[in-house]
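Residue numbers (our numbering): 372 to 450.
Just so it is clear, CB atoms sit at the ideal spot from N, CA and C, and this is done for glycine as well.
Owing to the predicted nature of the structure, the values given are computational and were not obtained by experimental measurement.
Structure, as structure tokens:
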């Protein structure tokens with residue numbers, strides 16, 4: 372799933388910061404699990420993704436286990 376997101380980003384020439392701002396719906400400088408679920412569903416080619424896969428992606432991206440994804444965590448994951 373992470374690789375599919377990387378491919379989608381490359382296809383749209385998006386940057387991690389742009390993606391983060393789009394996904395951070397409430398602009399609190401962090402992405403919640405609910406925000407990630409909504410965001411993944413809107414990525415072209417990924418709208419049929421299972422909730423379990425999105426949950427797994429969240430756990431992988433939230434490397435400090437804070438319950439939120441920071442910009443730094445997203446940047447590291449998408450390199």
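Residue 393 sits away from residue 405, with the two beta carbons spaced by 8 Å or more. Contact annotation: residue 376 and residue 414 have beta-carbon atoms nearer than 8 Å.
Burial is judged here by how many other beta carbons sit within 10 angstroms of a residue's own beta carbon; residue 428 has at least 16 and is buried.
The alpha carbon of residue 433 has as its nearest neighbour, out of 421, 448, 422, the alpha carbon of 448. In terms of Cβ geometry, residue 398 and residue 446 do not form a close pair [threshold 8 Å].
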